[in-house]
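In my numbering, the protein residues as written are 2 to 176.
Dropping the structure here:
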């Protein structure tokens with residue numbers, strides 16, 4: 002992917018997806034600070050916000066397709082906004098979870114020699130639970146129900162992207 006120029010970053014579609022991505026990060030981080038946990042019994046607590054976390058990953062995929070590595074700047078902006086609008090502790094956990102899970106995702110995506118759609122799905126399968134465990138652990142609400150729901154939410158996003166990429170590759174192959 003060629004890195005877009007500054008002026009290409011100002012196109013309406015680019016601004017839309019980058020804004021959605023930043024907004025979702027800040028919103029979800031804020032929700033983690035205000036939405037009460039659900040007692041699952043036996044000391045297990047479940048964060049209902051985990052149901053919507055996958056939307057961030059879908060927005061990131063679309064934003065990254067348009068802006069390439071500039072998406073890291075958007076993530077930094079979202080972290081700064083989360084620090085002030087949500088909770089500094091949640092913002093730190095969000096950045097740490099992102100960094101660790103993205104490294105795992107990058108390693109798997111980069112070094113497996115599978116077709117593109119398979120690499121996307123495989124790297125997401127490994128990275129999403131890592132992200133969930135790190136984030137929930139850092140904010141002090143690590144529970145298996147929370148990890149499972151948050152990971153499932155992210156995997157729905159990954160499956161959407163996998164499906165779109167797989168179908169696009171099939172269309173290009175038959176054209």
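Backbone N, C-alpha and C fix where the C-beta goes; we use that ideal spot for every residue, glycine too.
Item: Neighbourhood of residue 63 by C-beta distance below 6 Å, restricted to the same chain and skipping five residues each side; Value: 18
Item: Top-ranked residue by Cα proximity to residue 85, from 120, 102 and 34; Value: 34
Item: Separation of residue 25 from residue 90, as counted between CA atoms; Value: 17 Å
Item: For residue 28 and residue 155, the rounded distance between their alpha carbons; Value: 16 Å
Item: Cβ-Cβ distance between residue 36 and residue 53 below 8 Å; Value: no
Item: Complete alpha helix (DSSP H) runs within the segment 9-79 (minimum length 4 residues, chain order); Value: 13-35 and 55-68
Item: Residue 164 classed as buried or exposed, judged by whether at least 16 other C-beta atoms fall within 10 angstroms; Value: exposed
Item: For residue 115, three-class secondary structure by DSSP; Value: coil
Item: Spatial distance of residue 122 from residue 157 (CA atoms); Value: 11 Å
Item: Start-to-end residues for the alpha helix (DSSP H) that takes in residue 147; Value: 145-175
Item: Close Cβ partners of residue 131 (< 7 Å) along its chain, the five nearest in sequence each way excluded; Value: 101, 102 and 105
Item: Sub-8 Å separation of residue 92 and residue 30 beta-carbons; Value: yes
Item: Local Cβ density within 10 Å of residue 112, reported as buried at 16 or more and exposed below that; Value: exposed
Item: Option nearest residue 159 by Cα separation, candidates 170, 120, 176 and 134; Value: 120
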